[in-house]
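Novice: Following this message is one structure expressed as structure tokens.
Protein chains in written order, with the working numbering: chain A, 1 to 515; chain B, 516 to 1030.
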């Protein structure tokens, strides 16, 4: 399909012909979000859960939380029955949990391509890429400050990644664009270079409003008011501090029916106690307070129970990733979220390595597996994270994105129908035979096993002749191929024009600010 | 302590003074085997388990298994009530399971250093190194045929590895020693260079007998008859074939009260059906037949339910590792083993990579985590495996051995006592504070978080100045350091002399055979 043809078609609501044409045009396969057919792994006993829940209420009641520079929030809390003293909000036992009850247990986040709409909650798992790093790394350029072109390339890679359901948000910080304007370019990239769902800006309430306004152009204002089209990341300044910037953004999104992840940002030992139970208590208290607040802004606002947890290396002070303690917290927070009936965000391709090497992969695999089994519904950072979140790595992005396929297959669980039992095959082959040619193998082999699209499965000799490449080199080749194969998904030209005009107008209204 | 001093002390039965001296001498810390305080992860429903168990009995009854070139085994089966036709043994429904009931549910395997004795079964997890590769790899020498000196170095590394409980068996094949003699040198190395428990030879019944005889020297013959001092690996020639070499070795070990792992060796799609349920059915049938047979040799012989599972890449025919299907089988086989009341062996540092790179680490981490959560009691290959088991890698050995620490910490579960609840800390710090200096952190930080002894936790700049090393380079330095720091554990000189004499005598009785 030519570019002109593409422009002549409207994507949303364009019907079957457009979708068929789109498939021909880009031939990009994206897996449906995961619906787990396996149990969750749980590490907390009923007794432990009750202790943590009781303690979290005690913290809210006795210690309280701070809502900083936000008189409107304090007014809302006072009206709801909390004890407000300065910026400190003490919440009577049970009130926060009661307020949280109006938040929905499952969120449908619409994509402009309806086939890529996701559901967040219940047994689902939606995978979104790395968020936030100021640096990027690739084999050619090494480590360097991220630019808008890097950002666009990550969005393109995300669009091309079969196992990734979501385009994410700040896949890297485009440091060549002024701080006050870069959200416009970032949203424009997600909206035009991909057709997967995405996240809004949270770095200032006005930028959240820009995000809503741009969605009004992309989806139509009525649609946005009635449906969730963004899921944005609201971090808590742990311990127990809700700042005006994040809360101001939350207020915009909640008022517009858009989803937020309310996420304590915890480096254990620094922003929370060094113990797992203590950290979970604080996480729960913070989530209760934050999500309760969202329901004061708009009852029914879609919210996600977030937990970003890492521990600290007490020798160096560095955050560490893929550790057992982070796993315990991730499992435990999942249990707490389910008891609140809320969707759960945690885990990711976390690691502290400087390179996409074995350390990066061990730590990442630990985290990804924990995320699946912990019942995470929205996994931000599921690919591309490097160096403790300072770096978005192109090679690691495609390595992790490939590994996300294993989560899909694990989540399927075990089939037990007659075909899966394979009794005829066992009878046919018998002792000493082999299954390679038997009828059951022939009928099932194509879908039986997950297969990496990246890893090397060749014999040693062939691998040596092919250049003896390690995973980083294979990944680099895959990055180049995916970016080369990338074709932009079609978008109604009127919408595309309106988005571009909006960005230009808003930029013209602001001075450049670089900090 | 000088070598002469070391030689003057007897290790076993030497009492407290010897043990104190030993600790001073080598200052090698070894973690106790894991006792899980977390649940097992289970993927099969009760209904699925019953179907698989019923189908396995059907296979044993209708199809049967072959005991090859083993008339004594056929006689035993006939006497037990099986239907024997040529080498095919058809086992009436329920008979095999009934015979298996005399195998113990928990095995104590004694080490010559009593502090390193392990228990295999129940909630335990014992970690043993890679087994079997003909090649080794390190950064200096690349990939090459393994020698006896490589073997000794792996035993030394295993001895120095804190999180490794077991010295293993054929940590690599010492290809410079004749096939018919190398078991003697291998056992001698495990017995003298380490004081951790080890495995016996299975490559011929006479070599199993040599293993028992050498243990009689090391432990005393009475002790060996009454206690388990070896756990050896008996593979099934899947599908459903029990060869005379492996069964002959099993007969020697069972008769001498020594433990065996009865392990179907499965590449799914080749030696078993492509489906998970079909593979589990065949694995169960094979284990039932093999362990039942061991109980015909000696009721009460200690046996372990083994499952070595990998799938095949249908494009290239290569075995693949760390895949979701292998995970499902590992989880499911654990459930089947527990329902039989048998200790369970599976999982390991499996991967198909040619280098200790990111592919190796992703696949390995996937497998290690599955092994812990599947309830594995004995994890062979827990470190050092590379290239689908063709290569024992020195660097990967220390990488994996370091990661095994995460399994120990994960297995601890979550503490919920008053100290763990950390309420005083949360009250002390309050909103906006930090926990780094608080009393609770000071009291707990040393043991709160697992910390890698290998990975890089430095800031980017320091890491760059230190040579910008990847994990393989860090691991290489660690290999050199551990081998340099290695000190041989003390052993009674009379025993050492007798072992050396035994090896010399047996070697002199045989011609050199290289195949």
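Glycine included, C-beta positions come from ideal geometry on N, C-alpha and C. These numbers were taken from a predicted model, which means no experiment stands behind them.
Shorter than 7 Å, the distance from the beta carbon of residue 457 of chain A to the closest heavy atom of the ligand FMN, or not?
Specialist: Absence of the ligand FMN from the depicted structure is noted, as is the absence of any ligand whatsoever, leaving it without description.
Novice: DSSP three-state call for residue 362 of chain A: helix, strand or coil?
Specialist: Three-state result, residue 362 of chain A: helix.
Novice: Let me know if residue 907 of chain B comes out buried or exposed under the rule of 16 or more other beta-carbons within 10 Å of its beta-carbon.
Specialist: Residue 907 of chain B is buried by the Cβ-count criterion.
Novice: Compile a chain-ordered list of the residues in the stretch 775–804 of chain B whose CB is closer than 9 Å to at least one CB of chain A.
Specialist: Going along the stretch 775–804 of chain B in chain order, one finds 783, 784, 785, 786, 787, 788, 789, 790, 791, 792, 793, 794, 795, 796, 797, 800 with a Cβ nearer than 9 Å to chain A.
Novice: Against chain B, with Cβ distances strictly below 8 Å, would residue 457 of chain A count as a contact?
Specialist: Closer than 8 Å to some Cβ of chain B, the Cβ of residue 457 of chain A qualifies, so yes.
Novice: Quick one: is residue 873 of chain B near chain A, going by C-beta distance under 8 Å?
Specialist: Interface residue, yes.
Novice: Check the Cβ of residue 924 of chain B against every Cβ in chain A and list those closer than 9 Å, keeping chain order.
Specialist: Going along chain A in sequence order, the residues near residue 924 of chain B (Cβ under 9 Å) are 323, 324, 325, 327, 328.
Novice: From this set, B:909, B:669, B:946, B:588, which residue's C-alpha is nearest residue 683 of chain B's C-alpha?
Specialist: Of the candidates B:909, B:669, B:946, B:588, the one whose C-alpha sits nearest the C-alpha of residue 683 of chain B is B:669.
Novice: Label residue 113 of chain A either buried or exposed according to how many other C-beta atoms from any shown protein chain fall within 10 Å of its C-beta, with 16 as the threshold for buried.
Specialist: By the 10 Å Cβ count, residue 113 of chain A comes out buried.
Novice: Below 8 Å on the Cβ atoms is my contact criterion, and I expect residue 389 of chain A with residue 133 of chain A to pass it. Report the Cβ-Cβ distance as a whole number of Å.
Specialist: Right, their Cβ atoms sit about 6 Å apart.
Novice: Closer than 7 Å by beta-carbon distance: list the chain B residues that pair up with residue 421 of chain A, in chain order.
Specialist: Chain B residues near residue 421 of chain A: 566, 570, 792, 793, 796.
Novice: Give the residues of chain B in contact with residue 435 of chain A, contact being defined as C-beta atoms less than 8 Å apart.
Specialist: Within chain B, the residues near residue 435 of chain A are 754, 784, 785, 786, 787, 788, 789.
Novice: Below 7 Å on C-beta distance, what does residue 175 of chain A contact in chain B?
Specialist: By Cβ distance, chain B contributes nothing, its closest Cβ being about 16 Å from residue 175 of chain A, past 7 Å.
Novice: Are the Cβ atoms of residue 517 of chain A and residue 261 of chain A separated by less than 8 Å?
Specialist: There is no way to answer for residue 517 of chain A, as the model of chain A reaches only from 1 to 515.
Novice: Enumerate, from N- to C-terminal direction, the unbroken beta strand (DSSP E) stretches of 3 or more residues contained entirely within the stretch 107–139 of chain A.
Specialist: Complete beta strand (DSSP E) runs here, min 3: 118–121, 124–127, 135–138.
Novice: Going by beta carbon distance, what residues of the same chain come within less than 8 Å of residue 479 of chain B, once the five residues before and after it are set aside?
Specialist: A query on residue 479 of chain B cannot be resolved here, the shown segment of chain B reaching from 516 to 1030 and no further.
Novice: For chain A, check one thing: does any of its Cβ atoms lie closer than 8 Å to the Cβ of residue 900 of chain B?
Specialist: No, residue 900 of chain B lies away from the interface with chain A (no Cβ there is under 8 Å from its Cβ).
Novice: Mind listing the chain A neighbours of residue 589 of chain B? Cutoff is C-beta to C-beta under 8 Å, in chain order.
Specialist: Neighbours of residue 589 of chain B on chain A: none; closest Cβ ~14 Å, over 8 Å.
Novice: Taking 8 Å as the threshold (C-beta atoms), are residue 357 of chain A and residue 873 of chain B in contact?
Specialist: Their beta carbons are under 8 Å apart, which means residue 873 of chain B touches residue 357 of chain A by this criterion.
Novice: Contact criterion: CB-CB distance below 8 Å. Does residue 660 of chain B meet it with respect to chain A?
Specialist: Chain A, which has no Cβ nearer than 8 Å to the Cβ of residue 660 of chain B, makes this no.
Novice: For a minimum of 3 consecutive residues, which ranges assigned as the beta strand (DSSP E) are wholly contained in the stretch 196–255 of chain A?
Specialist: Within the stretch 196–255 of chain A, the complete beta strand (DSSP E) runs of at least 3 residues are 231–236.
Novice: Assign residue 196 of chain A to buried or exposed, taking buried as 16 or more other Cβ atoms, counted over all protein chains shown, within 10 Å of its Cβ.
Specialist: Buried, by the Cβ-count rule.
Novice: Which residues, in order along the stretch 543–564 of chain B, keep a beta-carbon less than 8 Å from a beta-carbon of chain A?
Specialist: Within the stretch 543–564 of chain B, the qualifying residues are 553, 554, 556, 557, 558, 559, 560, 562, 563.
Novice: If the cut is a Cβ gap below 9 Å, which residues of chain E does residue 955 of chain B touch?
Specialist: Looking for chain E here will not work: the only protein chains present are A and B.
Novice: Taking residue 344 of chain A as part of the beta strand (DSSP E), name the residues at either end of that continuous run.
Specialist: Run containing residue 344 of chain A: 344–346, per the beta strand (DSSP E) assignment.
Novice: Does the stretch 841–851 of chain B come within contact of the stretch 408–418 of chain A, defined as at least 3 CB pairs closer than 8 Å?
Specialist: Yes, the stretch 841–851 of chain B is in contact with the stretch 408–418 of chain A.
Novice: Whose C-beta lies closer than 6 Å to the C-beta of residue 323 of chain A among residues of the same chain, with five residues either side of it excluded?
Specialist: Taken in chain order, the residues that qualify are 311.
Novice: Considering only residues of the same chain and omitting the five flanking positions on each side of residue 22 of chain A, which have a CB-CB separation below 6 Å?
Specialist: Low per-residue confidence applies at residue 22 of chain A: pLDDT is 45, beneath 50, and the placement is therefore not dependable enough to give any value.
Novice: Along chain A, in chain order, which residues have C-beta atoms closer than 8 Å to that of residue 888 of chain B?
Specialist: Ordered by position in chain A, the residues that pass the 8 Å Cβ test against residue 888 of chain B are 41, 373.
Novice: Compute the distance between the beta-carbons of residue 606 of chain B and residue 624 of chain B, then report whether it is under 8 Å.
Specialist: No. Outside cutoff.
Novice: For residue 66 of chain A versus residue 946 of chain B, is the C-beta distance shorter than 8 Å?
Specialist: Their beta carbons are under 8 Å apart, which means residue 66 of chain A touches residue 946 of chain B by this criterion.
Novice: Any Cβ of chain B within less than 8 Å of the Cβ of residue 91 of chain A?
Specialist: Chain B contact via Cβ: absent.
Novice: Measuring only between beta-carbons, confirm whether residue 863 of chain B sits less than 8 Å from chain A.
Specialist: No, residue 863 of chain B lies away from the interface with chain A (no Cβ there is under 8 Å from its Cβ).
Novice: How would you list, in chain order, the residues of chain A whose beta-carbon sits under 9 Å from the beta-carbon of residue 835 of chain B?
Specialist: The contacting residues are 449, 450, 451, 452, 455, 457.
Novice: Are residue 376 of chain A and residue 334 of chain A closer than 8 Å when you measure CB to CB?
Specialist: Taking 8 Å as the Cβ cut-off, residue 376 of chain A and residue 334 of chain A qualify as a contacting pair.
Novice: I need the DSSP call for residue 886 of chain B, collapsed to helix, strand or coil.
Specialist: Looking at residue 886 of chain B - three-state DSSP - the assignment turns out to be helix.
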